[in-house]
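Protein chains in written order, with our numbering: chain A, 421 to 657; chain B, 235 to 320; chain C, 540 to 650.
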Amino acid sequence: MRKFIVMFLLVFLGIFLYFNLSYLPAEKMISNNVSQHYINSGVKETGSFNLVTAILFDYRAFDSLGESTIIFAAVSGIVLILSRKTLPVSSHGLTFIVKRTLGLLTPFIFLFSIYLMTHGHLSPGGGFQGGVILATISIIFCIVYGSEFDQKKFSPQTKTKLETGGALLFILMGILGVIFENGFLDNLNLFNGEPGSLISAGNIPVINLGIGLKVGAGLAIIFYSMIQKTFGEETDH
Amino acid sequence: MIIIEYLLMFFLILTAFMAVFFTEELISIIFLSILSMVLTALYLINQAPDVALAEVVIGTGLNTAIFMSAISQVREGEDCHCKEDD
Amino acid sequence: MIYNIVFVILFILGLYTVLVKKSMIKMVIGLNIMESAIFFWVISLSNTGNLIPILQTYMEEKAVNDPVPQALILTGIVIGASTTAFLLTLIIELKKLGGSINLDHIKGLSE
């Protein structure tokens with residue numbers, strides 16, 4: 421009975437929402453001044469061809485710092501809740517064919533993620549996409565080879581050091597911007613090359629590397645903490 | 235091109251409806267992964283390649299893996315005697 | 540106009556799942572469906588019929604799409620994944636303390 425009342429109310433809400441959406445202006449959002457300024461003078465001021473990366477890491481770099489803080493808060497909360505009273509599951513992994521095939525494929529996945537991180541200002545890509553692919557490598561190790569193998573290769577201390585190193589690199593670029601230029605996270609003119617070549621675009625490649633390490637290590641820590649199981653029933657009151 | 239876009243949007247609604255309809259949770263998680271893949275194709279048709287790259291890596295890879303690892307710990311009922319599970 | 544209809548249908552489907560279903564994992568799935576609907580609608584607003592927002596050489600025409608909504612949605616996708624991971628951790632811990640993931644059978648909540 422309760423389901424039908426909720427369904428009727430939601431249909432009413434949907435019709436109301438659709439009629440209110442038709443009051444938006446018919447022309448799209450491009451005719452305001454901010455987007456026109458980014459399109460017209462984005463390449464001259466930042467030196468990167470990819471306009472989305474230029475917005476995310478040069479014009480609005482402070483918002484990317486806020487997003488790193490959100491990922492850091494989520495990782496801290498998850499590690500605090502799933503405490504270490506559990507024994508790690510040492511699974512034996514999958515069969516021999518899968519182990520051999522993925523042993524041949526993993527270096528190419530690593531190369532692809534480094535390519536995405538360093539060519540962020542020339543082609544679609546950037547720090548976030550490359551970082552998540554790095555976390556996928558750790559997930560592959562956990563599932564295919566067993567969690568003992570993953571603990572030997574990348575111990576949790578290594579992942580924590582990588583994550584904090586990435587965040588500190590980001591903040592270091594900001595503080596250097598205060599010392600040498602006018603404001604926090606200003607463009608340092610570090611790699612001043614021809615726009616379109618690999619070594620160009622100010623401090624965007626360095627920030628891409630920092631963000632990629634941070635996101636990748638953080639998501640790998642999340643997955644590693646969530647697969648621990650308890651042996652026997654030890655419930656703490 | 236327009237016909238492909240309309241067909242993909244119809245698939246989007248159908249997959250979301252299937253994810254809500256079943257009661258067993260494993261089937262809903264698989265349909266959520268399919269919804270993420272259809273959404274990536276729609277992002278590409280709307281000329282947004284950066285967003286499509288992020289959605290295919292995060293939505294199909296990481297979200298599904300985290301859901302599967304969570305559901306293997308809360309499933310009640312039978313205890314499995316298998317040695318390899320994560 | 541068709542983007543508006545698809546957005547409203549997906550959003551109402553997700554909202555129905557969060558309100559009515561009893562299993563907690565279904566609620567997290569409904570939250571993900573609502574987020575996907577909003578991201579799809581905002582990206583459809585940035586499509587004005589031109590090329591992708593990556594310039595190739597110095598183009599004099601400069602008829603590209605709007606790059607600002609794409610940057611915002613990129614941040615939103617990563618935040619959605621972090622929130623989902625945190626919610627699932629809370630569900631795992633609640634199963635250990637309460638005994639079930641169904642809202643009707645949790646022990647310890649007062650009647």
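Using N, Cα and C, we set each Cβ at its ideal position, and we do this for glycine too. These numbers come from a predicted model, not from an experiment.
- Residues G597 of the same chain have their beta carbon placed closer than 7 angstroms to that of D606 of chain A, with the five preceding and five following residues left out of the count.
- CA-CA distance, L590 of chain C to I490 of chain A, rounds to 33 angstroms.
- Assigned with DSSP and collapsed to three states, G547 of chain A falls in helix.
- Assignment of I640 of chain C by DSSP, reduced to helix, strand and coil, places it in the coil class.
- Going by DSSP, Y479 of chain A is part of no alpha helix (DSSP H) at all; its letter is neither H nor E.
- In the three-state reduction of the DSSP assignment, S583 of chain C falls in the helix class, which pools H, G and I.
- Per DSSP, reduced to three states, the secondary structure at P606 of chain C is coil, with no helix or strand assignment.
- DSSP lists C:I593 as the beta-bridge partner residues of N470 of chain A.
- Against L639 of chain A, the close residues of chain B are L296, in the order they occur along the chain (beta-carbon pairs closer than 7 angstroms).
- Boundaries of the alpha helix (DSSP H) around K581 of chain A: 576 to 600.
- The C-alpha of I619 of chain A lies about 18 angstroms from the C-alpha of G550 of chain A.
- For I292 of chain B, the closest Cβ of chain C is nearer than 8 angstroms.
- In the displayed model, F245 of chain B falls within a helix according to three-state DSSP.
- At least one beta carbon of chain B lies nearer than 8 angstroms to the beta carbon of F579 of chain C.
- Under DSSP, the beta-bridge partners assigned to S562 of chain C are C:N641.
- In the three-state DSSP reduction, G638 of chain A falls in the helix class (H, G or I).
- As summarised for the region 274 to 309 of chain B, there are no continuous beta strand (DSSP E) elements at least 3 residues long confined to that stretch.
- Close CB contacts of P592 of chain C within its chain, under the 6 angstroms cut and outside five residues either way in sequence, are with V603, N604, P606 (chain order).
- At least one CB of chain A lies nearer than 8 angstroms to the CB of E632 of chain C.
- For the 8 angstroms CB-CB criterion, I557 of chain A and T526 of chain A form a contact.
- The DSSP-derived three-state label of F611 of chain A is strand.
- Annotation for N452 of chain A: no alpha helix (DSSP H) segment contains it, and DSSP assigns it neither H nor E.
- Shown here, G616 of chain A sits in coil according to DSSP, grouped into three states, outside any helix or strand.
- Distance from the CA of A250 of chain B to the CA of L549 of chain C, rounded to the nearest whole angstrom, comes to 7 angstroms.
- Residues of chain A with a Cβ closer than 8 angstroms to the Cβ of I264 of chain B do not exist, since the nearest Cβ in that chain sits about 17 angstroms away.
- Straight through space, the alpha carbons of S262 of chain B and F256 of chain B are spaced by roughly 7 angstroms.
- For I631 of chain A against G586 of chain A, the beta-carbon gap comes to about 7 angstroms, under 8 angstroms, which counts as contact.
- Against chain C, a Cβ distance below 8 angstroms from D483 of chain A picks out T614.
- Counting C-beta atoms within 10 angstroms of its own C-beta, H512 of chain A has fewer than 16 neighbours from the protein chains shown and is therefore classed as exposed.
- F643 of chain A and I300 of chain B do touch by the CB rule: their CB atoms are close to 7 angstroms apart, below 8 angstroms.
- With contacts defined by Cβ atoms closer than 8 angstroms, V308 of chain B and I645 of chain C do not form a contacting pair.
- At a cut-off of 8 angstroms between C-beta atoms, T556 of chain A counts as an interface residue with respect to chain B.
- The shortest CA-to-CA distance from L269 of chain B to any of B:E289, B:A304, B:P283 is the one to B:E289.
- When 7 angstroms is used as the limit between beta carbons, I572 of chain C is near no residue of chain A, the shortest such separation being about 14 angstroms.
- Considering only A:F428, A:L502, A:I553, A:F436, the residue with the shortest C-alpha distance to I647 of chain A is A:L502.
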